[in-house]
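Contents: one structure, followed by commentary.
Below, the structure is given as structure tokens:
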């Protein structure tokens with residue numbers, strides 16, 4: 001309106017909006033999760049040691065086709081992109097759903113797509129992941145950042161997310177990447193007690209010589225890093241969904257809850273805190289969309305976009321969940337109210353794929369703001 | 001409705017008839033206004049082409065490529081961002097014809113006479129009086145404050161109380177004030193930075209013809225809300241390249257002067273760099289929403305984010321500079337024509353940015369607005385709504 005022309009930043013501007021197809025996908029996933037993802041029932045399952053609802057996964061993975069979003073149509077998938085996968089993760093975060101989408105349909109899938117997809121073993125595995133018939137997990141600790149050291153020895157690997165739900169482990173060894181069936185002899189998956197009951201962790205031990213080698217050492221490392229980068233970048237969308245739910249639920253509660261003869265949401269001290277969370281949520285959305293778009297377009301800026309999103313979004317989700325617990329008062333401290341599930345997921349997500357501090361250190365290198373000597 | 005192709009051909013006709021290289025700047029801008037290419041979403045005949053706002057970019061790109069002069073929006077920002085949309089919405093045909101063209105071209109600078117010493121965040125509590133004279137004119141008495149560009153302005157948008165017996169939001173009317181009238185006295189107001197970027201304006205028996213009223217008598221608050229919404233959009237909506245704001249100078253200093261680096265500052269700098277980049281992306285997303293015709297409520301939030309970031313980043317910059325941070329460039333009273341938040345030195349940036357959370361709505365008030373209008377939280381109980389203004393505590 002001022003008659004000045006705008007100046008672009010480096011390269012093409014990222015598309016930070018949602019497309020119509022993405023809105024449609026979101027509506028389908030949200031509708032499914034609203035009908036099927038019953039949080040109290042999930043909690044009962046989680047306490048029993050298995051939080052997954054297999055019918056829900058079948059509907060999400062096969063019915064909606066979410067599991068194959070990143071897989072090309074020629075390999076049996078949907079041929080969509082990280083932008084669509086990010087929208088699914090927003091909804092899974094909103095419902096704090098226990099489903100191996102991030103681990104299998106994003107990290108393991110991206111890792112396999114970086115291998116030789118002309119290889120029958122790789123193509124066959126991708127085909128079964130695309131329908132959700134099988135679940136694969138990259139056997140590295142959930143806390144592993146895309147640029148962190150990777151486990152390539154033969155010892156046990158701790159903190160592997162959703163290994164207990166996996167049919168196939170993708171195992172890094174000195175000489176390459178192996179696909180290992182979890183029911184093969186020599187494989188043990190020992191469950192750990194996780195902070196976040198909705199994303200179980202396990203220690204994985206795989207005897208030497210087990211499984212099928214699907215990539216050489218150089219390809220394996222690059223593939224795993226690509227998988228972890230997609231995981232870190234799209235985790236920001238899950239964190240956005242968590243923060244959104246926490247804010248909406250807190251606003252709803254404080255509008256209805258009366259103390260001192262007023263709705264507590266009318267007190268300025270509380271309103272300002274919720275407005276600050278809202279500001280962080282809209283900012284986290286921009287950061288998450290930017291990371292998803294950079295991954296989808298294969299932008300040279302993807303590592304920077306991922307690091308920015310992960311340096312920012314983890315704190316936002318944790319802060320929103322902490323405010324949700326606090327502003328619910330005593331109710332927020334109870335096992336019955338779902339706020340604790342969001343707090344636990346948010347705090348685990350802050351560590352997953354590298355902490356904010358790790359990603360800031362990565363950024364300091366990418367943007368040339370080095371530490372003191 | 002004019003489409004992109006129509007605007008493009010119209011722009012080329014303008015450039016052919018008035019080659020920028022040989023045309024006087026003001027003459028070119030007048031011709032551009034008359035061609036409907038000033039603000040394309042405005043109506044035909046008023047500098048616009050009834051086109052979607054998003055198509056302004058088509059015109060701007062073509063003009064920039066041809067080396068055409070711009071209309072320096074910084075100097076005339078209040079007119080463009082606040083007076084113009086208000087006149088467009090509430091002005092008479094005569095007012096629109098008289099004011100919009102010289103405003104856009106920059107021949108006439110505008111200022112805004114809203115804030116008062118006793119009415120800042122509680123703007124509707126204003127005490128400046130406008131009393132109807134026998135000849136129909138309004139006679140205005142009062143004092144305004146924080147008025148940027150008042151010493152340069154030809155015209156002002158003014159709100160004044162026309163009925164003190166009504167509750168405070170109801171007895172206000174909105175006027176266009178001639179700053180050259182007798183009774184208008186502008187005094188520089190020296191600020192925390194040492195500069196006098198703003199003014200106090202004393203109004204003593206200023207006569208404003210009724211033809212310079214915008215909107216109905218007593219409807220000034222409704223009109224003012226149009227102005228204020230546009231102010232917040234224009235403050236928060238600028239597009240930035242990466243490191244384009246306050247973070248730029250401090251990042252450059254960090255790179256060029258390794259001897260200043262400490263671990264504590266490194267952690268804080270990286271955190272602020274990330275927040276600045278995310279704020280930039282949020283602004284970019286808001287811009288894309290506007291272009292797509294789906295404006296979100298993020299505009300008010302952007303001002304909040306930039307105010308806090310500017311303050312924290314400039315504070316860190318002074319600290320990083322150490323010995324040099326103890327010094328200040330110049331305390332001489334100056335009257336800058338342009339506000340330049342990122343200009344001058346770190347000490348200036350630190351002090352000037354303190355105003356970012358006050359001007360254009362304090363951060364506290366903006367947080368209330370977000371909480372109530374975006375999140376739908378209940379308003380705090382109020383005891384001023386049904387009380388005559390004259391009976392309110394002051």
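Chains as they are written, first to last, in the UniProt record's numbering: chain A, 1 to 373; chain B, 1 to 394. The C-beta atom is built at its ideal place from N, Cα and C for all residues, glycine as well.
Check: How would you call residue 395(B), buried or exposed, if buried means at least 16 neighbouring beta carbons within 10 angstroms?
Finding: This structure does not reach residue 395(B), given that chain B is present from 1 up to 394, and the question cannot be answered.
Check: Relative to chain A, which residues along the region 376 to 387 of chain B have a C-beta separation below 8 Å, given in chain order?
Finding: Taking 8 Å as the Cβ-Cβ cut-off against chain A, the residues of the region 376 to 387 of chain B that qualify are 376, 377, 378, 379, 380, 381.
Check: Can at least three beta-carbon pairs, one atom from the region 120 to 139 of chain B and one from the region 66 to 78 of chain B, be found at a separation below 8 Å?
Finding: By the C-beta criterion, the region 120 to 139 of chain B is judged not to be in contact with the region 66 to 78 of chain B, since fewer than 3 inter-stretch pairs fall below 8 Å.
Margin query: Please tell me whether residue 255(A) has its Cβ less than 9 Å away from any Cβ of chain B.
Written below: Judged by the 9 Å Cβ criterion, residue 255(A) is in contact with chain B.
Next item on the list: Look at the alpha carbon of residue 109(B) and the alpha carbon of residue 199(B), and state the distance between them as a whole number of angstroms.
Entry: Taking the straight line from one Cα to the other gives about 15 Å.
Check: Are residue 150(A) and residue 221(A) close, meaning C-beta to C-beta below 9 Å?
Finding: Going by C-beta atoms, residue 150(A) is nearer than 9 Å to residue 221(A).
Notebook entry, point to check: Excluding sequence positions up to five away, which residues of its chain have a Cβ less than 6 Å from the Cβ of residue 156(B)?
Noted result: Cβ-Cβ distances below 6 Å link residue 156(B) to 111, 113, 177, 179 in the same chain, with the five nearest sequence neighbours on each side left out; the list follows chain order.
Note to self: What residue range does the beta strand (DSSP E) around residue 48(A) cover?
What the structure shows: No beta strand (DSSP E) contains residue 48(A), which DSSP labels as neither H nor E.
Next item on the list: Please check if any C-beta of chain A sits within less than 9 Å of the C-beta of residue 18(B).
Entry: Taking Cβ atoms only, chain A never reaches closer than 9 Å to residue 18(B), which makes this a no.
Note to self: Using the Cβ count rule (16 or more neighbours within 10 Å means buried), how would you classify residue 200(A)?
What the structure shows: So residue 200(A) ends up on the buried side.
Margin query: Using only the alpha-carbon positions, how far apart do residue 31(B) and residue 269(B) sit?
Written below: Going from the Cα of residue 31(B) to the Cα of residue 269(B) covers about 48 Å.
Checklist line | Residue-chain proximity (residue 271(B), chain A), Cβ-Cβ < 9 Å | finding: Yes, residue 271(B) counts as interfacial toward chain A.
Check: Relative to chain B, which residues along the region 361 to 373 of chain A have a C-beta separation below 9 Å, given in chain order?
Finding: Listed by position along the chain: 361, 363, 364, 367, 368, 369, 370, 371, 372, 373.
Checklist line | Close Cβ partners of residue 245(A) (< 8 Å) along its chain, the five nearest in sequence each way excluded | finding: Answer for residue 245(A): 93, 94, 95, 96, 342, listed in chain order.
Margin query: Here's the rule: buried if 16 or more other CB atoms are within 10 angstroms of the residue's CB, otherwise exposed. What is residue 356(B)?
Written below: Residue 356(B) is buried by the Cβ-count criterion.
Checklist line | Exposure of residue 315(A), with buried meaning 16 or more beta-carbon neighbours within 10 Å | finding: If you draw a 10 Å sphere on the C-beta of residue 315(A), you find 16 or more other C-beta atoms in it, and that means buried.
Item checked: Burial state of residue 192(B), where buried means 16 or more other Cβ atoms lie within 10 Å -> By the 16-neighbour rule on beta-carbons within 10 angstroms, residue 192(B) is exposed.
Notebook entry, point to check: Using 9 Å as the limit for Cβ to Cβ distance, is residue 120(B) near chain A?
Noted result: With 9 Å as the cut-off, residue 120(B) does not count as an interface residue toward chain A.
Notebook entry, point to check: Nearest-angstrom Cα distance between residue 169(B) and residue 260(A)?
Noted result: If you take the alpha carbons of residue 169(B) and residue 260(A), they lie about 28 Å apart.
Check: Which value, in whole angstroms, describes the spacing of the CA atoms of residue 167(A) and residue 126(A)?
Finding: When rounded, the distance between both Cα atoms is 13 Å.
Next item on the list: Tell me residue 161(B)'s beta-bridge partners as DSSP assigns them.
Entry: In DSSP, residue 161(B) forms a bridge with 129(B), 172(B).
Check: Is there a Cβ from chain B that is less than 9 Å from the Cβ of residue 128(A)?
Finding: Contact with chain B is absent for residue 128(A), since none of that chain's Cβ atoms lies less than 9 Å from the residue's Cβ.
Check: residue 251(A) touches chain B at which residues, Cβ-Cβ below 9 Å?
Finding: Listed along chain B, the residues sitting closer than 9 Å to residue 251(A) by beta-carbon distance are 371, 375, 376, 377.
Item checked: Cutoff 9 Å: residue 310(B) Cβ touching any chain A Cβ -> Not one chain A Cβ lies under 9 Å of residue 310(B).
Item checked: Under 7 Å from the C-beta of residue 277(B): neighbouring residues of chain A -> Within chain A, the residues near residue 277(B) are 308.
Check: Are residue 361(B) and residue 293(B) closer than 9 Å when you measure CB to CB?
Finding: No; because the gap between Cβ atoms is not below 9 Å, this pair is not in contact.
Notebook entry, point to check: In chain B, which residues lie with their C-beta within 7 Å of the C-beta of residue 265(A)?
Noted result: Residues of chain B whose Cβ lies closer than 7 Å to the Cβ of residue 265(A) are, in chain order, 377, 378.
Notebook entry, point to check: Interface residues of chain A around residue 274(B) at Cβ under 8 Å?
Noted result: What residue 274(B) touches in chain A: 308, 311, 312, 360, 363.
Margin query: For chain A, check one thing: does any of its Cβ atoms lie closer than 9 Å to the Cβ of residue 258(B)?
Written below: Yes - at least one Cβ of chain A is within 9 Å of the one on residue 258(B).
Check: Is residue 242(B) helix, strand or coil when you go by DSSP?
Finding: Residue state, collapsed to three classes: coil.
Check: At least one CB of chain A closer than 9 Å to the CB of residue 254(B): is that the case?
Finding: At a cut-off of 9 Å between beta carbons, residue 254(B) contacts chain A.
Note to self: Quick check on residue 19(A): buried or exposed, where buried means 16 or more other Cβ atoms within 10 Å of its Cβ?
What the structure shows: Per the 10 Å Cβ criterion, exposed.
Check: What does a CB cutoff of less than 7 Å around residue 322(A) pick up in its chain, not counting 5 residues either side in sequence?
Finding: Its chain contains 343 as the residues whose beta carbon lies nearer than 7 Å to that of residue 322(A), once the 5 sequence neighbours on both sides are disregarded; these appear in chain order.
Note to self: Taking 9 Å as the threshold (beta carbon to beta carbon), is residue 368(B) in contact with chain A?
What the structure shows: With respect to chain A, the C-beta atom of residue 368(B) has a partner C-beta closer than 9 Å.
Notebook entry, point to check: In chain A, what lies closer than 8 Å to residue 298(B) by C-beta?
Noted result: Using a Cβ-Cβ cut-off of 8 Å, residue 298(B) is close to 282 of chain A, given in chain order.
Check: Is the shortest distance between the beta-carbon of residue 274(A) and the beta-carbons of chain B less than 9 Å?
Finding: Put simply, the CB of residue 274(A) is near chain B, with a gap under 9 Å to one of its CB atoms.
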